[in-house]
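Here's the structure, in structure tokens; my notes come after.
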């Protein structure tokens with residue numbers, strides 16, 4: 003367990019869409035819904 007604690011880097015990202023977060027909307031500044039419009043392959 004101590005090896006995991008020493009070697010794992012944890013990154014917390016509270017929001018990936020700061021524009022939408024501040025406006026309380028799903029879309030970003032270009033009105034793109036980042037939850038739906040992302041490359042999946």
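In the numbering used here, the protein residues as written are 3 to 43.
Heads up, the beta-carbon is just placed ideally off N, CA and C, and yes, glycines get one too.
Residue i (DSSP reduced to helix, strand or coil)
i	result
residue 42	coil
Proximal residues to residue i (C-beta, below 6 Å), its chain only, five neighbours per side dropped
i	result
residue 23	17
The ligand NAP heavy atom lying under 6 Å from the CB of residue i
i	result
residue 26	Among the components modelled here there is no ligand, and therefore nothing to report on the ligand NAP.
Contacting residues, own chain, Cβ-Cβ under 8 Å from residue i (five flanking each side not counted)
i	result
residue 31	21
Inter-residue CB distance, residue i and residue j (contact presumed, cutoff 8 Å)
i	j	result
residue 28	residue 35	5 Å
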